[in-house]
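Asks: Next up is a structure, given as structure tokens.
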Amino acid sequence: MPGFITNYLDKNVHVTPGQYGSPFWALVYILLVFGGVSLAVVCMNWLERKILAHMQVRLGPMRVGPHGLLQPIADAIKLILKEDIVPEGADSFVFLLAPLIILVAGFSVYCVIPFGPTHAITDMNIGILFMLGVSSLGVLGIVMAGWASNSHYPLIGALRSSAQMVSYEVAMGLAVISAVLMTSLNPAGTGTLSMIGIVQAQYAQHTWFIFKFFPLGFIAFFIFAVAMVAETNRAPFDLPEAESELTAGFHTEYSGLRWSLFMLGEYAAMISVSSIAITLWLGGWMRPFPNLLQGPTWDLAFSLFPALTFFGLAAMTFYSTMRMPKHPYFRIQTIGLGAFGGVFVLIALILLIPRVRDGVQDVYWFVAKIAVFLYLYIWYRGTFPRYRFDQLMRVGWKVLLPLGIGVLMATGIMGLRTEIWDFVHRLVHI
Amino acid sequence: MCTGWYTSDMAPVATTFFFYFLSGLAILSGVLVITRKNPVHSALALILTLLSVAGLYLMLYAPFVAGVQIILYVGGIMVLFLFVIMLVNIERSEREKQFNQQWLPGILAACGLGLLFVLIYVKGKALFSQPVITMPETENTQRVGMMLYSNYMFPFEIASLLLLVAIIGAVVMAKKRI
Amino acid sequence: MSDETKSPSPQPEGEKPSSDKIAGGISSGTPPPGGAKPPAPSEKPAVAPGATPPKPAAPGEKPAAAAAPAKPAAPAKPAGPTPQPWDSPLVAKLTKQFGSGIQPLTYLGQNYLQVDRSLIPTILQMLRDEEQFDYCVDITAVHYPKREKQFDIVWILYSFSKNERVRVKTQIADAEHIPSAVPIWAAANWLERETFDMFGIQFDGHPDLKRILLPDGWKGHPLRKDYGIIQQDQEWVQINLGIESGQ
Amino acid sequence: MTDPNSSVSHLELEESKKTFLDANELVINMGPQHPATHGVLRVILRLDGEKVMGLECVIGYLHRGVEKIAEHRTYTMFNPYVDRMDYVAAVSNGLGYCEAVEKLLNIEAPPRANYIRVILTELNRLASHQLWLGTHALDIGAMTPLFYTFRDREEILKIFEKYCGARLTTHAFRIGGCQYETYEGFEKDVKKFLTFVAPKIDEYEELLTTNRIWVERTKKVGTISAKDCIALGVTGPVLRASGVKWDLRKAQPYAAYKQFDFEIPTGQNGDTYDRYLVRMAEMRQSLRIIQQAVDAIPEGPIMAKVSKVMKPPVGEIYHSIEAPKGELGYFIVSDGSTQPYRIRVRPPSFVNLQALDLMCRGQLVADVIAVIGTLDIVLGEVDR
Amino acid sequence: MPQNYVPVFIFIAVVGTLIPITLLLTKLVRPSNPHREKLLPYECGIDPVDRARGRYTVRYYIVAILFVVFDVETIFLFPWAVKFKAFGLFGLLEMLIFLGILIVGYIWIWQKGALEWV
């Protein structure tokens, strides 16, 4: 088995495992991504509670582990030990299948997400289409969950949710097309739908697409950014789960581990749509200014960022460790927090090794960009009230959709401005 | 069977397995679609059918069509189906008889269809003596574009009229107070 | 001083004005147009930080509002806390129209009309339409089991334009119906339902007279005096809660 | 009647007659176990999609028979019970009750007691409004204001606790005055609180007042005209937001309110946004009143002469005050004994809740939540 | 099957087996005490009045059908988008006509109020 790995590393570092065609190697990547995303969801869970808490002048989880670090684990254990209730009159088959569909749909998107030029499970030349299609499968899961529960609140939640996701998908698609348009602005005149290809196109055109044809790229990005919040049912578009109206929306009747699958799916979807936005508009895995700040010195400077980040985290952890109460009761927690900082230092040191340092560059920048998006998600949740359903639909159909069509047309015209100019020129001269 | 389209980075893998797996899945779920009493279950089975057909498109090196299949049929039309199914009274439809009693026309139609299949199988080789136009997978979308926007330009524009009619029809039929 | 005048009878206001008209008599002689504002001028007791005179009753009730200058003749307060006859143009008008059917009284600066059961719909309608008592504050009842006419029904009304409060009271026997005030004040809806729930008084013409605080199907009306404080509908508890007793 | 909770509503009956073809309407229960009904309120909604075609409130889940209990307690013993009605504005309840009995006894609280009463009542009004704001914002989906308001409300509760030992159901006042003299540093605490909380109110407003989503969610939602308000007996900030400048503290001043200079904030449209603005302005007015009261608090006794055994003369009295939610009235009938013959509480929430149907008809489900929040009901008071 | 699509199937297989296995495994540790009251659908503490399925407004249906139409439109745009430079002015014109016809429909439904929720 190491043969596969060495083989891959030696010969085919420029292709993704999918293109390499080795099922084993693909499986390794799949497990890595699956585990990584699950871990990210756990971290996100803790971070969301902490950040939200601090925005709201409270502490958030503090009891399980130092600063509540073990809270997600405690939650997981609790959820595992909870009874799994299938309500009376529910269509049990559909009821049990629904979270699975949502999860599979949420995770399948990761097949095409490029964490780096080679760090993707596979590269499809219809990557964007695949992502749009698979993420639209989530709607089915939601409708099924709501319908199967045989309860009013989940049904209304599911209908709302599907109508909402479906509405914003149109705007999302239009925004995506205007990014695809930009990829074909090369001498060959051939664009691509491949996720890796889109990032490479941004590299080739020396700009992130968000800045292309300013403000067109930015508007398209904005449309996508709004639509993705709506697609993931997050505040301020969290109507399907509006707890004050529908208690918990389509997953009201779910409990225990099965309920946690919905949460897992939701957070996984948040991460995946953020990655898509990053891939399409924010240069994907590229570090900032890859064209401007070139040269070995800059490369070295940027390659130190991962290690520095972890050193920073470690410093924060150590600072908190020092600030822990000196009471013997907290001794274990203090030691735990210190050990946590130690782990950070260790990771940082590993990241200083030149080979590793270069290897994680792409993934680091990608994850860093995702982190910004996730922070924005949390920030929205702490700031905005919830939209009402008709307002939500109005934003989707009457604001984002025309905006999307407009941006698309404008981008097309901008992309062909020389041809148009030539044409007009010729007309005048004839 | 697909070796003819071999490209360096798109080597076919386990073609036979996937073919039988996907087509078997399509047929099985297709049967489920018509035998399930509960229309929602039928719809779910139909989704599976559509997905496996999408897989078959992939095998034919037509990823764009596969993507369209997933986005439009699974993500769009099936959601619409589910909505409509939920609009009707499922309890009632479950109580009703699944098949009506039109046995004779049914059998005749089945025989006719079977005959057609057999004919196609027998005569097909003669009709399609040449292999289908080869289409490198990497350029599939671009090729579709070329076809659509040059050769089939007029039908394409007609399609937009069709969509317009669909919009108007939907609104007129569904909206009570216009 | 308030303590001495209490009388042992459980029917506090059935007796009406007769007894002592110490201060009230003065006011009744001179028909002051003061309406509901007898205590108005003497009304600033809360202001003075000094000794609080016990006499001027009801600090909050009737301050000199906009209507006060028009009707300045408010006399001194009734000294003893017994119901006094109440005089005002409103009263004069009402008495003229209804004669002995109503008894206008005032007690501790608060005015009320003791009205005959038969006059209730007319009077309430009139109070709203002609006297601008546009706000029905409350409707409730009081149970006097020993009396022949067991229930006092009380309407507490308020007029925004006059800044004036008046209570209308009538007596009805058990099982006697009373017309609903919902057509007059929409607010009466729930208030009447609660009165029905608690006392079992039927309001004719109420759109949806049913229990409001107690569950449907409960037996008995708890605010009647013969309904003990720990009494409950055992049967209901047994059927619905599956226990022998909620106590 | 097999189900303890099912009171068959006319909505449900209507619904059962419908056939499939015209059954676009859906009857759903909101409450009693629902996150946004502020307690155990049950609202039966008849929906056409998301649109509310009608609704009916079912109340009584928290009915404890307060009025009945009163008939078996002496006047003094009943005093703590009123705190449990509107438990977020217990001080106001106590004030209304004490003043009503004082009136019946024809006595009056000494001025110092009245000043203390005003300070505590206005603090309580502030606390009640803060709780309203937090929960109302949470209902509309804004999570953060809840924590801000609870943080600041805590300071008020601390003052209560220092004054009388209790935080929520304070039982701060007695018939005839106040039981407790203010503690050492009471004025200082209150003044400190005033300077602390004024910028906090700006902070709440900063989060909400100009927030686009907040404005969209509240403007033109749950509109009720002044005429309807009066017909339905709606009082308090809801009435004022409809443009009626009426506040019992001004209209029929009680306690020491006559001495203070404050305004009655009013709105024009009677929608949820106006009610929000009115309550925010009321919070500022409360601060003004407290400031004046604490600056001018007179010395003197805090308790009037009241006999240990209270036997009010035969008679009846109605006294009402401006509670945070509206007009809170007590109708007390005395038969000359030590126990009230009958006490009727006129709860503002109960009467205000009647307007819910009118305010929600034709709006969306989400608006029902907003309207319940903006009515600021407390089920303890609705059900008593 | 082209090799770079195989990982998708592996992925679905992995997710589709891992999760049910987890669910089955946790069956060993989690309790199961079904009770009538516990199994009742949530209706805010009230026993459900009727079955929940079916019966809701036709508006959701309009949204779904409009979505399908606009989705088809979006799909048509993809092949153009990847090649639009090569199609040049002619392609752009074609696309503008295509979009124009749809925009007419869009304006029509806007005018008709089909986009208003209530």
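Residue numbers (numbering that gives the first Met the number 0), protein chains in the order written: chain A, 0 to 429; chain B, 0 to 177; chain C, 0 to 246; chain D, 0 to 383; chain E, 0 to 117.
The beta-carbon is built from N, C-alpha and C at its ideal position, and this holds for glycine as well.
For clarity, every value in this text was computed on a predicted model and none was experimentally measured.
Rounded to the nearest angstrom, what separates D:Asp151 and D:Ser91 at their Cα positions?
Replies: Here the alpha carbons of D:Ser91 and D:Asp151 stand approximately 19 angstroms from one another.
Asks: Quick one, which of B:Glu156, B:Ala53 and B:Phe82 has its alpha-carbon nearest A:Val165's?
Replies: B:Phe82 is the residue among B:Glu156, B:Ala53 and B:Phe82 whose C-alpha sits nearest the C-alpha of A:Val165.
Asks: How many Å lie between D:Asn210 and C:Tyr143 at the Cα?
Replies: 57 angstroms
Asks: Look up C:Lys168 in the DSSP assignment and say whether it is helix, strand or coil.
Replies: strand
Asks: Check the Cβ-Cβ distances between C:Ile211 and every residue of chain D, and say whether any is below 8 angstroms.
Replies: yes
Asks: Would you say E:Gly44 faces chain D, with C-beta separation under 8 angstroms as the test?
Replies: Answer yes: the Cβ-Cβ gap between E:Gly44 and chain D drops below 8 angstroms somewhere.
Asks: Just tell me which of D:Glu205, D:Ile301 and D:Arg72 has its CA closest to the CA of D:Thr181.
Replies: D:Ile301
Asks: Under 8 angstroms between C-beta atoms, does A:Asp389 make it to chain D?
Replies: yes
Asks: Thinking C-alpha only, which one of A:Asp357, A:Ser271 and A:Met262 is nearest A:Ala75?
Replies: Of all alpha-carbon atoms in A:Asp357, A:Ser271 and A:Met262, the one lying nearest the alpha-carbon of A:Ala75 is that of A:Met262.
Asks: Can a CB atom of chain B be found closer than 8 angstroms to the CB of E:Val67?
Replies: For E:Val67, the nearest beta carbon of chain B is closer than 8 angstroms to its own beta carbon.
Asks: What residues from the region 139 to 154 of chain D come within 7 angstroms of chain A, judged by C-beta to C-beta, listed N to C?
Replies: Considering only beta carbons, the part of the region 139 to 154 of chain D lying closer than 7 angstroms to chain A consists of Ile139, Gly140, Ala141, Met142, Thr143, Phe146, Tyr147 and Arg150, in chain order.
Asks: Using 8 angstroms for Cβ pairs, my map puts C:Ala185 next to D:Ala230. What's the rounded Cβ distance?
Replies: 4 angstroms
Asks: What do you reckon, are the CB atoms on A:Phe236 and A:Tyr386 nearer than 8 angstroms?
Replies: yes
Asks: DSSP on E:Gln2, reduced to helix/strand/coil?
Replies: helix
Asks: Would you please state the rounded distance, in angstroms, between the beta carbons of D:Leu352 and D:Leu54? I believe it to be under 8 angstroms.
Replies: Not really, about 11 angstroms apart at Cβ, beyond 8 angstroms.
Asks: Indicate whether at least one CB of chain A lies closer than 8 angstroms to the CB of E:Ile96.
Replies: no
Asks: Say whether the region 62 to 78 of chain E touches the region 62 to 72 of chain B, bearing in mind that this needs 3 or more beta-carbon pairs closer than 8 angstroms, one atom from each stretch.
Replies: yes
Asks: Go to B:Arg142, then tell me how far its beta strand (DSSP E) extends in each direction, as first and last residue.
Replies: Run containing B:Arg142: none in the beta strand (DSSP E); it sits in the alpha helix (DSSP H), Asn139 to Met145.
Asks: When the Cα atoms are used, what is the spatial distance from A:Asp90 to B:Lys36?
Replies: 13 angstroms
Asks: Identify every run of the beta strand (DSSP E) within the region 201 to 234 of chain A, keeping only runs that are complete inside it and at least 3 residues long; order them along the chain.
Replies: List check, beta strand (DSSP E) in window: nothing returned.
Asks: Using a Cβ-Cβ cutoff of less than 7 angstroms, which residues in the same chain neighbour D:Arg248 once the five nearest sequence positions on both sides are dropped?
Replies: Tyr256 and Glu321
Asks: Pick out whichever of A:Ser177, A:Met321 and A:Arg416 has its Cα sitting closest to the Cα of A:Leu279.
Replies: A:Ser177
Asks: How would you write the range of the beta strand (DSSP E) that C:Trp154 sits in, first residue to last?
Replies: Phe150 to Ser158
Asks: 8 angstroms is my cut-off, CB to CB: does A:Phe65 come that close to chain D?
Replies: For the sequence presented, residue 65 of chain A should be read as Pro rather than Phe. With 8 angstroms as the cut-off, A:Pro65 does not count as an interface residue toward chain D.
Asks: So, with DSSP's three-state summary, where would you put D:Lys191?
Replies: Note: D:Lys191 maps to helix in three-state DSSP.
Asks: Measuring alpha carbon to alpha carbon, tell me which residue in A:Pro98, A:Ile101 and A:Met130 is nearest A:Pro113.
Replies: When each option's Cα is compared against that of A:Pro113, the closest is A:Met130.
Asks: Can you give the Cα-Cα distance for B:Leu178 and A:Thr117, rounded to whole angstroms?
Replies: In this structure chain B extends from 0 to 177, so residue 178 of chain B is not present and cannot be described.
Asks: If you measure between the beta carbons of D:Asn78 and D:Arg173, is that distance less than 8 angstroms?
Replies: yes
Asks: Start and end of the beta strand (DSSP E) containing D:Ser348?
Replies: It is not in any beta strand (DSSP E) - D:Ser348 instead sits in the alpha helix (DSSP H) that spans Pro347 to Leu352.
Asks: On a CA-only basis, which of D:Gly133, D:Pro144, D:Gly140 and D:Gln267 is nearest A:Glu240? Give me that one, please.
Replies: For A:Glu240, the nearest C-alpha among the options comes from D:Gly140.
Asks: Check B:Tyr120 in the structure and name its three-state DSSP category.
Replies: It is helical.
Asks: How about the region 104 to 112 of chain D and the region 296 to 314 of chain D: do they share at least three Cβ pairs that are nearer than 8 angstroms?
Replies: yes
Asks: Let's test the definition: count the other Cβ atoms within 10 Å of the Cβ of D:Lys324 and tell me whether it reaches 16, buried, or not, exposed.
Replies: buried
Asks: Rounded to whole angstroms, what's the CA-CA distance from C:Ala172 to D:Val350? Just pull it up for me.
Replies: 27 angstroms
Asks: Return yes when the Cβ of D:Ala88 is within less than 8 angstroms of the Cβ of D:Ser127, no when it is not.
Replies: yes
Asks: What is the DSSP secondary structure of C:Lys70, reduced to helix, strand or coil?
Replies: The predicted position of C:Lys70 is uncertain, since its pLDDT is 39 and thus under 50; a value taken from the coordinates is nonetheless stated next. Per DSSP, reduced to three states, the secondary structure at C:Lys70 is coil, with no helix or strand assignment.
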